[in-house]
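Data block below; observations after.
Numbering (the working numbering), first residue to last: 81 to 311.
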């Protein structure tokens with residue numbers, strides 16, 4: 081009898097333990113489901129706001145101006161178009177990025193300069209065009225993983241859009257260094273006042289001199305870097 085009672089007690093304890101486990105699991109599941117639903121609702125709200133052109137920054141909400149159009153200008157560090165279209169990662173870098181913002185309603189224009197070193201998720205592709213991975217890197221590098229032409233421009237435009245909180249890039253325009261020379265000559269040159277003594281680059285670049293740059297001089301002026309002093 082004592083053994084029987086002991087067995088009953090043990091079974092009762094086991095059943096109580098199993099019941100408690102079931103209740104805990106069900107309760108935890110309900111709480112987990114509720115949290116997931118709340119998180120999903122919050123994510124859905126964020127996604128809805130993002131899709132509606134509303135972003136939140138420092139506790140304030142901003143709505144995208146629907147009256148603007150944008151053009152992205154890219155300066156690519158390749159000399160000739162014939163050099164492009166090689167292997168992924170070798171098709172030039174968009175070292176110069178300028179977003180022209182046009183307000184159709186106010187009839188105004190503004191240029192936003194984007195640092196080539198702005199960090200974004202760079203999409204890396206193989207030779208067949210398949211995306212291999214995404215790694216953090218300077219936005220200038222994204223151009224290199226396209227075809228050196230249309231695809232590179234599109235990929236870079238997408239990264240600029242991400243960087244600018246989803247602002248659409250409506251059009252884009254890219255120039256290689258060869259294109260810079262041709263464009264400068266096409267407009268009859270560019271006149272400027274030399275701010276510092278750049279005679280080491282070209283004798284014409286004396287400090288304070290007013291110089292009209294042709295294509296060749298323009299390339300010299302924008303391409304030369306002073307690497308004698310740190311930073």
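Glycine included, each C-beta is placed from N, C-alpha and C at the ideal position. The model shown is predicted, which means the values in this text are computed figures rather than measured ones.
Any idea which residues DSSP pairs residue 188 with across the strands?
Within the chain shown, residue 188 is the residue found at index 108, counting from 1. Note: residue 188 sits in a beta bridge opposite 183.
Three-state secondary structure (DSSP) of residue 127:
Against the chain shown, residue 127 aligns to sequence position 47. For residue 127, the predicted model reports a pLDDT of 49, less than 50, meaning its position is unreliable; a value from the coordinates is still stated below. In this structure, residue 127 counts as helix in the three-state DSSP scheme.
Which residues bound the alpha helix (DSSP H) around residue 301?
Here residue 301 refers to the residue found at position 221 of the chain shown. Counting along the chain, the alpha helix (DSSP H) containing residue 301 begins and ends at 295-303.
What distance in whole Å lies between the Cβ atoms of residue 154 and residue 264, which are believed to be in contact at a cut-off of 8 angstroms?
If you number the chain shown from 1, residue 264 lands on position 184. If you number the chain shown from 1, residue 154 lands on position 74. Actually they are not in contact, since the Cβ atoms of residue 264 and residue 154 sit about 17 angstroms apart, beyond 8 angstroms.
Residue 202 versus residue 209 - alpha carbon distance
Taking the first residue of the chain shown as position 1, residue 202 is located at position 122. Taking the first residue of the chain shown as position 1, residue 209 is located at position 129. If you take the alpha carbons of residue 202 and residue 209, they lie about 14 angstroms apart.
Just reading off the beta strand (DSSP E) that residue 211 is part of, what are its end residues?
As a working mapping, residue 211 is identified with position 131 in the chain shown. Here the beta strand (DSSP E) through residue 211 covers 211-218.
C-beta contact flag for residue 179 and residue 152 at 8 angstroms:
Looking up residue 179 in the chain shown gives position 99. Looking up residue 152 in the chain shown gives position 72. Contact flag set, yes.
Is the CB-CB distance between residue 349 and residue 284 below 8 angstroms?
A question about residue 349 goes unanswered here, because the residues of the chain that appear run from 81 up to 311.
Closest residue to residue 232 among 280, 276, 255 (Cα-Cα distance)
Translated into the one-based positions of the chain shown, residue 232 becomes position 152. Ranking the options by Cα distance to residue 232, first place goes to 255.
Identify every residue that forms a DSSP beta bridge with residue 272.
Here the question's residue 272 lines up with position 192 in the chain shown. According to DSSP, residue 272 bridges with 291.
How would you label residue 221, buried or exposed, when you count the other beta carbons within 10 angstroms and need 16 or more for buried?
Residue numbering aside, residue 221 sits at position 141 when the chain shown is read from its first letter. Buried, by the Cβ-count rule.
Rounded to the nearest angstrom, how far is the Cβ of residue 247 from that of residue 150, given a contact under 8 angstroms?
For this step, residue 247 is matched to residue 167 along the chain shown. For this step, residue 150 is matched to residue 70 along the chain shown. Yes, residue 247 and residue 150 are in contact; Cβ-Cβ is about 6 angstroms, under 8 angstroms.
Residue from 191, 296, 271 whose Cα sits closest to the Cα of residue 288:
Start at 1 with the first residue of the chain shown, and residue 288 comes out as number 208. For the residues 191, 296, 271, the minimum Cα distance to residue 288 belongs to 271.
Taking DSSP's pairing of strands, which residues face residue 255 in a bridge?
To locate residue 255, count along the chain shown from 1; it is residue 175. According to DSSP, which records beta bridges pairwise, residue 255 is partnered with 155.
Short check: CB of residue 257 to CB of residue 194, under 8 angstroms?
As a working note, residue 257 is residue 177 in the chain shown. As a working note, residue 194 is residue 114 in the chain shown. Contact: no.
Applying the 10 Å Cβ sphere with the 16-neighbour rule, what's the burial state of residue 307?
Against the chain shown, residue 307 aligns to sequence position 227. Residue 307 comes out exposed.
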